[in-house]
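Protein chains: 2
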Amino acid sequence: MASEEPVEVVTCTAPVNIAVIKYWGKRDEELILPINSSLSVTLHQDQLKTTTTAAISRDFTEDRIWLNGREEDVGQPRLQACLREIRRLARKRRSDGHEEPLPLSLSYKVHVASVNNFPTAAGLASSAAGYACLAYTLARVYGVESDLSEVARRGSGSACRSLYGGFVEWQMGQRADGKDSVARQVAPESHWPELRVLILVVSTERKPTGSTAGMQTSVETSALLRFRAEALVPAHMAEMSRCVRERDFQAFGQLTMKDSNQFHATCLDTFPPISYLSDTSRRVIRLVHCFNAHHGRTKVAYTFDAGANAVIFTLDDTVAEFVAAVRHSFPPELNGDKFLKGLPVEPVPLSDELKAALGADPTPGGVKYIIATQVGPGPQVLDDPGAHLLGPDGLPKPAA
Amino acid sequence: MASEEPVEVVTCTAPVNIAVIKYWGKRDEELILPINSSLSVTLHQDQLKTTTTAAISRDFTEDRIWLNGREEDVGQPRLQACLREIRRLARKRRSDGHEEPLPLSLSYKVHVASVNNFPTAAGLASSAAGYACLAYTLARVYGVESDLSEVARRGSGSACRSLYGGFVEWQMGQRADGKDSVARQVAPESHWPELRVLILVVSTERKPTGSTAGMQTSVETSALLRFRAEALVPAHMAEMSRCVRERDFQAFGQLTMKDSNQFHATCLDTFPPISYLSDTSRRVIRLVHCFNAHHGRTKVAYTFDAGANAVIFTLDDTVAEFVAAVRHSFPPELNGDKFLKGLPVEPVPLSDELKAALGADPTPGGVKYIIATQVGPGPQVLDDPGAHLLGPDGLPKPAA
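This is the structure we're talking about:
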């Protein structure tokens, strides 16, 4: 008689990651293989995380998924690719010399519920955290212990980088089957304790071009992107690894800014051109260069993904002054104490010299709010059954 | 006895030119030699021109120059380079086998007055027209008949392209002494009579980074610029020459847009990054792509120089409809009949389909005004003595 696995419910959390050497462009659309390697910083889950509950049961009649309380289409190709890949790994595991025959649970349907502790409308790439969490959670449900890069990648390329904490690289790989296109940790979250990350959520005028379509057009039309991928990124990756290893903030910061600008340059070299940077983004860029020039060295660095939000890297000794500089140049309009979320930041006055250097051309309301965070760990299993997002009936629990 | 030249007063006009394959970056700062070739369209002087009067007299005690009625510093290095170069050519001519000894006029001082028939504040690169006019006028004064590319170039690189009408290329040259870095006409102004140019003067928020400093920083910091110059521009130049020769507007338009975007991409890849495109510039870009998509082909093309103004290329059969589209998306705020200058454009209604395609998200006042013009001739001598900007005393005539 085939042994049956009890119904599994597993809840995990996974982090957001921010690339400092950017991924933009695929060499294989189906396997999600990139044209260049990338390197990211994992953010702390206290401020940003996805929580996912996955349950399997013979009583479920179909796979179902709920995102932030709303049922979504489980037939979505990326989701399907993820589910197929994890089930393939589960079958492979079972058939690798284990005595038990394939358990019935592999034929069960799965219910998944996932929530973010940050707003989707904020334009903070949640698909990386979401697919990493899905991969990690389903792996726990199915007892899969192998590398999950491919599962996460098939959902969203950069999701594989959210499988680890600290500093992570996604090695592009050379193989056509993508088996060597994997994420690995470059340094743990404890490596650079002084590093801080500020996410400046800016007012968005229009929904930006989606990154999947955008990067495809870039690969098809931008000669500068091809050159970047082949001739420039390998050196950027080597240098960034060194910067992280040696905690060289000046070099880390400069390379971060340059790589971000170069990525956006290739977007502008796309046809039709893609512009993710808004006028506010550009003002943040100017603020950073101004701040650094005032101090005579790189104390703050910006990076921008496929959207207008700015992600700022700095060290803990600079956070308060830089936040004050942001308030000066982008005076919050209404929300007073809701302007700063996450890690506490003490209010400090700006020196007159810095005020003079920043100029008097404020953009009220340009920055909606700031999330202050730091480097954090990789995915976690939650042992507390109260954390499950699905009830015993396999349906989402009512929101608390 | 040395023969004396009579006091010379010469007045000339010279055009503005707009590059469709962009010059950005020098390989020699002193001789103004570019890192890549460039190709431009000369605009008609009925709409945009510089008028320059040069007078030499033994009674003048020093070189002096007035620009738009205001005396400027004649010691400015670019101006000095121009004057030295034209005088060198004048001495060389005299010494090339002519019988007369060098005339005293070569030792006379020169007075120069120059005016534009378009506002400097409009950000329409007037230095090309200005230095081309200066070179051309001084050549007439000194009887210089040789190639003036170097004289104009030493003032402002792109000025050499304003020495010819129609379609002009500035061949980058290979020699270190720059003798082969010259402009030549690719096709005359009569070659493509249907071609029209619309300059969309946009509201400027801030003075953009000057192009001399900007391109220097780009050369020093942008790997993408180096690649563009070495690997991409030669093919762009060959293709653009073909497009002009064959009057292939679709290909001309697409390459014009791509080269403009690529130039701006290298500006973004500069460190610190340079952004010449404003939010309004980007809206114009979207308008053009939308307009072309609606029509199913490239009917309109944009190009942007080191500033936010858009220069639009189209054919005469499309001008009215595109101007109507601009009015729809950028409703003029106050100036009613001052919104459209230059060649007359008949008001036409927009089709409902086009209105729908353009969307309903207007930017009132985003475009301050439009100058409608066409391809035009090179520099001209004005024979009418009433046109002189300097009086018999060598000082600027009072403004009329």
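Chains as they are written, first to last, in my numbering: chain A, 1 to 400; chain B, 401 to 800.
For glycine and all other residues, C-beta sits at the position ideal for the given N, C-alpha and C.
Given that PRO273 (chain A) touches chain B, what residues does it touch there, using C-beta distances under 7 angstroms?
-> ASN661, ILE685
Where do the N-terminal and C-terminal ends of the alpha helix (DSSP H) with TYR136 (chain A) fall, by residue?
-> 126-142
Hey, does PHE627 (chain B) have any beta-carbon neighbour from chain A nearer than 9 angstroms?
-> yes
Contact set for THR11 (chain A): own chain, Cβ-Cβ below 6 angstroms, skip 5 residues either direction | THR53, LEU382, ALA387, HIS388
Min CB distance ARG697 (chain B) to chain A below 9 angstroms = no
Can VAL510 (chain B) and ASP463 (chain B) be called in contact, C-beta distance under 9 angstroms?
-> yes
Check each candidate in A:TYR23, A:ALA139, A:HIS295 and name the one with the smallest Cα separation from ALA325 (chain A).
-> A:HIS295
Name the one or two DSSP bridge partners that ARG464 (chain B) has.
-> B:HIS511
Between ASN417 (chain B) and the rest of its own chain, which residues show a CB-CB distance below 7 angstroms, the 5 nearest in sequence each way excluded?
-> SER440, VAL441, THR442, LEU443, ALA528, SER558, ARG561, SER562, VAL568
Closest by CA to ILE86 (chain A), which one among A:ARG153, A:MET257, A:PHE304?
-> A:ARG153
Going along the chain, which residues of the segment 295-327 of chain A sit with their C-beta nearer than 9 angstroms to a C-beta in chain B?
-> none
Would you check if there are 3 or more beta carbon pairs closer than 8 angstroms linking the segment 638-653 of chain B to the segment 225-234 of chain A?
-> no
CA-CA distance, ASP352 (chain A) and PHE322 (chain A)?
-> 14 angstroms
C-alpha distance - HIS689 (chain B) paired with PHE271 (chain A), whole-angstrom precision | 10 angstroms
Can you have a look at ALA613 (chain B) and say buried or exposed, based on whether 16 or more other CB atoms are within 10 angstroms of its CB?
-> exposed
Check whether the Cβ of GLN780 (chain B) lies closer than 9 angstroms to any Cβ atom in chain A.
-> no
Interface flag, ALA2 (chain A) vs chain B, CB-CB below 9 angstroms | Bear in mind that the predicted position of ALA2 (chain A) carries a pLDDT of just 37, short of 50, making it unreliable; the figure below should be weighed with that in mind. It does not: the Cβ of ALA2 (chain A) has no partner Cβ on chain B nearer than 9 angstroms.
Please confirm if GLU5 (chain A) has its CB atom under 9 angstroms from at least one CB of chain B.
-> For GLU5 (chain A), the pLDDT reaches just 42, beneath the cut-off of 50, and the residue's location in the model is therefore unreliable, although a value from the coordinates is still provided. No, GLU5 (chain A) does not count as interfacial toward chain B.
Roughly how many whole angstroms lie between the Cα atoms of PHE60 (chain A) and SER681 (chain B)?
-> 54 angstroms
Contact between the segment 199-210 of chain A and the segment 295-314 of chain A (3+ Cβ pairs under 8 angstroms) | yes
Give a yes or no on whether the minimum CB-CB distance between THR11 (chain A) and chain B is below 9 angstroms.
-> no
C-alpha distance - LEU67 (chain A) paired with LYS179 (chain A), whole-angstrom precision | 29 angstroms
Specify the secondary structure class of SER549 (chain B) as computed by DSSP and reduced to three states.
-> helix
Go ahead and label SER514 (chain B) buried or exposed: buried means 16 or more other beta carbons lie within 10 angstroms of its beta carbon, across all protein chains shown.
-> buried
Cβ-based neighbour list, ARG540 (chain B), same chain, cut-off 7 angstroms, excluding 5 preceding and 5 following = VAL410, CYS412, VAL781
Start and end residues, beta strand (DSSP E) containing PHE167 (chain A) = 167-170
Nearest chain A C-beta to ASP669 (chain B) closer than 9 angstroms, yes or no?
-> yes
Hey, does ARG647 (chain B) have any beta-carbon neighbour from chain A nearer than 9 angstroms?
-> no
Those runs of the beta strand (DSSP E) which lie wholly inside the segment 174-202 of chain A and span at least 3 residues = 183-187, 195-202
Please list, in chain order, all residues of the same chain as GLU589 (chain B) whose beta carbon is under 6 angstroms from its beta carbon, the five residues on each side excluded.
-> GLY565, GLY566, VAL775, GLY776, PRO777
To the nearest angstrom, how far is it from the Cα of ASP446 (chain B) to the Cα of LEU754 (chain B)?
-> 32 angstroms
Can you list the residues of chain B that LYS22 (chain A) reaches, using a CB-CB cut of under 8 angstroms?
-> Chain B residues near LYS22 (chain A): none, gap ~13 angstroms exceeds 8 angstroms.
Give a yes or no on whether the C-beta atoms belonging to TRP24 (chain A) and THR298 (chain A) are separated by under 9 angstroms.
-> no
Can you give me the Cβ contacts of ILE771 (chain B) inside the same chain, cut-off strictly under 6 angstroms, excluding the 5 residues immediately before and after it?
-> GLN447, ILE599, LYS741, GLY742
Could you pull out every residue in the same chain whose Cβ sits closer than 7 angstroms to the Cβ of GLY530 (chain B), ignoring the five residues on either side in sequence?
-> THR450, SER514
Does any CB atom of chain B fall closer than 9 angstroms to the CB of SER40 (chain A)?
-> no
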